[in-house]
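Peer 1: Throughout, my numbering is defined as the position within the sequence shown, counted from one, plus 2.
Heads up, the beta-carbon is just placed ideally off N, CA and C, and yes, glycines get one too.
Got a structure here, written out as structure tokens. Questions coming.
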Amino acid sequence: MLNFDRFPNNKRKALTMSYDDGKTPDRRLVSIFNKYGIRGTFHINYGLLPRPERINAEELKELYSGHEVSAHGVTHQSLSITPKENMIYEIMEDRKGLERLVGYPVRGMSYPNGLYDDRVIDALKVCGIEYCRAVETTHDFRMPDDFLKWKGTCHHNQNLLELGRAFLEQPYKNRPHIMYVWGHSYEFDRDNNWDLIEDFCKMMSGKDDIWYCTNIEFVDYVNAWKSLRFSADCSLVYNPTATDVWISKNEKPIVIASGSTVKLSD
Ligand SMILES: [Zn+2]
Numbered sequence: 003m004l005n006f007d008r009f010p011n012n013k014r015k016a017l018t019m020s021y022d023d024g025k026t027p028d029r030r031l032v033s034i035f036n037k038y039g040i041r042g043t044f045h046i047n048y049g050l051l052p053r054p055e056r057i058n059a060e061e062l063k064e065l066y067s068g069h070e071v072s073a074h075g076v077t078h079q080s081l082s083i084t085p086k087e088n089m090i091y092e093i094m095e096d097r098k099g100l101e102r103l104v105g106y107p108v109r110g111m112s113y114p115n116g117l118y119d120d121r122v123i124d125a126l127k128v129c130g131i132e133y134c135r136a137v138e139t140t141h142d143f144r145m146p147d148d149f150l151k152w153k154g155t156c157h158h159n160q161n162l163l164e165l166g167r168a169f170l171e172q173p174y175k176n177r178p179h180i181m182y183v184w185g186h187s188y189e190f191d192r193d194n195n196w197d198l199i200e201d202f203c204k205m206m207s208g209k210d211d212i213w214y215c216t217n218i219e220f221v222d223y224v225n226a227w228k229s230l231r232f233s234a235d236c237s238l239v240y241n242p243t244a245t246d247v248w249i250s251k252n253e254k255p256i257v258i259a260s261g262s263t264v265k266l267s268d
């Protein structure tokens, strides 16, 4: 039995975080993530960076290093209620501005105000956006079925610690599991609950079976699984991607290194 059920280095579960708007409490949130080795993605409105409550353009690259900077619309315009020309402006100007700051292609996004429809998804595709996080949540650890309508496990105010414990205890069952948490860092100030995210990160940190990843790393890895090329009898597999990919055969982990062809013995 061949299964796509192993993350990098044979990890069985993935944890990723997703925070929006790039307001100054991100500094405290990033320091908590870094302290516990938790990683994630920050969805930023480039056009709003000059505002005093936002992270400065000058500090952005260094602050978020080790995490991912992703798009959130250059002015946070709700995309489903605007012309497609303006959708494309919102996405591309955000990408261009952020890319100048961070020095890598910005390929992900979260929906400003959570609003989207089929027109918005068409615009994302035109603009080279490879995933976009919605505000709806699943309260489970199943793999997303559509990265352009990516529903997380929970917002951090939705039973975070209970879900975290359930994730740690979740049996593997020959399938990959992801916990995906989203929110805004300023909510911890507003709700006076920084303890919540600190306790969560502490509880989830340093686990041998968890891959701590950014949103785009997760997308790239899943796409690498899908890019594997098998022989007709599934005895050989070729990995044409730039990512080392792990699978299992009869419960045994197998790594298919980038560019390699591997014989799958029984
Ligand atoms: Zn937002």
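In angstroms, rounded to a whole number, what distance separates the CA positions of L31 and M205?
Peer 2: Going from the Cα of L31 to the Cα of M205 covers about 16 angstroms.
Peer 1: So, are the CB atoms of R97 and Y113 less than 8 angstroms apart?
Peer 2: No, the Cβ-Cβ distance between R97 and Y113 is not below 8 angstroms.
Peer 1: Figure out for me which residue from P242, T26 and L100 has the closest Cα to the Cα of Y223.
Peer 2: Answer by Cα proximity: P242.
Peer 1: Just how far apart, CA to CA, sit D210 and K13?
Peer 2: Each residue's alpha carbon lies about 7 angstroms from the other.
Peer 1: Using DSSP bridges, identify the partner residues of Y21.
Peer 2: Partner(s): F44 and G185.
Peer 1: Relative to ligand 1, is the shortest distance from any of its heavy atoms to the C-beta of P114 smaller than 7 angstroms?
Peer 2: Checking every heavy atom of ligand 1 against the Cβ of P114, one is found closer than 7 angstroms.
Peer 1: Counting only runs of 3+ residues fully inside the region 219-259, write out the beta strand (DSSP E) ranges in chain order.
Peer 2: Those beta strand (DSSP E) runs which fall completely within the region 219-259 and span 3+ residues are 238-240, 247-251 and 254-258.
Peer 1: How long is the line joining the alpha carbons of H69 and L103, rounded to whole angstroms?
Peer 2: In a straight line, the C-alpha of H69 is about 14 angstroms away from that of L103.
Peer 1: Could you tell me the distance, in whole angstroms, from the CA atom of H45 to the CA atom of G24?
Peer 2: Whole-angstrom Cα-Cα distance: 7 angstroms.
Peer 1: Select from C156, S187 and T155 the residue whose C-alpha is nearest the C-alpha of D28.
Peer 2: Among C156, S187 and T155, the Cα nearest to that of D28 belongs to S187.
Peer 1: Cβ of H69 versus every heavy atom of ligand 1: is any distance shorter than 7 angstroms?
Peer 2: False, no ligand heavy atom lies under 7 angstroms from that Cβ.
Peer 1: What separation, rounded to the nearest whole angstrom, lies between the Cα atoms of V71 and T43?
Peer 2: About 6 angstroms.
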